[in-house]
Amino acid sequence: MNRVLILLAGLPGTGKTYLGNILNDYFGAFYMLSQDSLKENLADVYGFSNLEEKREIEKKAWFLYFETMEQQMRAGSNLISDYPFSQKQKPRIQKLAERYNYKVLTIRLTAEPDVLYERQKKRDLDPTRHLSHIVTSYNKEISLLDRNAADHILTKEEFIQRCVARGYDTFELGKVYEVDVTDYSAVDYPKLLQEIKQWDESSSGEN
Numbered sequence: 003m004n005r006v007l008i009l010l011a012g013l014p015g016t017g018k019t020y021l022g023n024i025l026n027d028y029f030g031a032f033y034m035l036s037q038d039s040l041k042e043n044l045a046d047v048y049g050f051s052n053l054e055e056k057r058e059i060e061k062k063a064w065f066l067y068f069e070t071m072e073q074q075m076r077a078g079s080n081l082i083s084d085y086p087f088s089q090k091q092k093p094r095i096q097k098l099a100e101r102y103n104y105k106v107l108t109i110r111l112t113a114e115p116d117v118l119y120e121r122q123k124k125r126d127l128d129p130t131r132h133l134s135h136i137v138t139s140y141n142k143e144i145s146l147l148d149r150n151a152a153d154h155i156l157t158k159e160e161f162i163q164r165c166v167a168r169g170y171d172t173f174e175l176g177k178v179y180e181v182d183v184t185d186y187s188a189v190d191y192p193k194l195l196q197e198i199k200q201w202d203e204s205s206s207g208e209n
């Protein structure tokens with residue numbers, strides 16, 4: 003692969019990071035760009051005391067995200083990025099891809115909302131999940147033994163409303179593959195990898 007950007011899009015709880023690791027193991031030599039990781043690192047550095055400050059952390063993370071994407075594209079790196087992308091990010095990503103002559107592939111992961119909410123809740127309550135995601139006040143020195151006591155965990159109604167309002171399940175840029183991950187065991191990952199390989203080979207002369 004040469005000058006390829008793979009966007010792992012779709013609703014929260016669809017296993018985007020998991021798929022990213024599969025792709026990286028299969029194709030190799032990808033720069034893994036994660037907005038969540040940037041946001042977590044900034045939260046550890048600066049902390050936040052309320053939702054307004056938390057939103058400022060997110061803005062800084064997006065600035066670093068696009069700055070890093072441009073740096074990596076300038077260097078010619080292949081990139082994989084996972085996030086519940088929406089139309090808000092699309093113009094900036096598209097502009098960078100066009101400027102640096104990148105092929106873009108969107109893999110949009112979908113699943114039943116009830117299943118996704120339970121997965122997201124389980125992930126939020128997992129002690130390995132960065133605490134900054136589920137609280138309104140954070141610094142890296144604090145801990146929370148009972149994750150159920152976190153004050154920024156979405157209810158099922160809030161989760162579904164956010165997903166619908168932000169259009170996570172409709173994002174697309176470049177070539178699009180949609181994969182239903184309601185049942186992980188039913189996903190044909192080898193077939194998906196082969197299709198991506200064929201797409202790359204057939205479009206290699208377009209850049």
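Sequential numbering of the sequence shown, starting at 3, is according to my numbering.
Glycine included, each C-beta is placed from N, C-alpha and C at the ideal position.
Leu111 carries a strand assignment under DSSP once its states are collapsed to helix, strand and coil. As DSSP reads the structure, Ile8 sits in a beta bridge with Ile82 and Leu107. A distance of 9 Å or more separates the beta carbons of Thr112 and Val178. Residue pairing by DSSP puts Met34 in a beta bridge opposite Ile82.
DSSP, read as helix, strand or coil, puts Lys90 in coil. The continuous beta strand (DSSP E) containing Lys177 extends over residues Lys177 to Asp182. In the structure shown, Tyr140 adopts extended strand secondary structure according to DSSP, grouped into three states. Between the region 140-157 and the region 196-207 there are fewer than three C-beta pairs closer than 8 Å, too few to call the two in contact. Look at the beta carbons and you see the region 160-176 touching the region 3-16: at least three pairs across the two are nearer than 8 Å. One alpha carbon belongs to Ser145, the other to Val137, and they sit about 11 Å apart. By the Cβ rule, the region 15-24 counts as touching the region 77-96, because three or more pairs are nearer than 8 Å. In this structure, Arg5 is the residue among Lys142, Arg5 and Ile162 with its C-alpha nearest to the C-alpha of Ala77. When only Cα atoms are considered, Asn23 and Asp38 end up about 15 Å apart. With a contact defined as Cβ atoms closer than 8 Å, Tyr67 and Leu35 qualify at about 7 Å. Between Asp46 and Ser139, the alpha-carbon positions lie close to 12 Å from each other.
For Leu156, there is no enclosing alpha helix (DSSP H), as DSSP gives it neither H nor E.
Collapsing the DSSP output to three states places Phe173 in coil. For Ser204, the enclosing alpha helix (DSSP H) stretches over residues Tyr191 to Ser204. Contact check for Phe32 against Leu81 passes: the beta carbons are separated by less than 9 Å.
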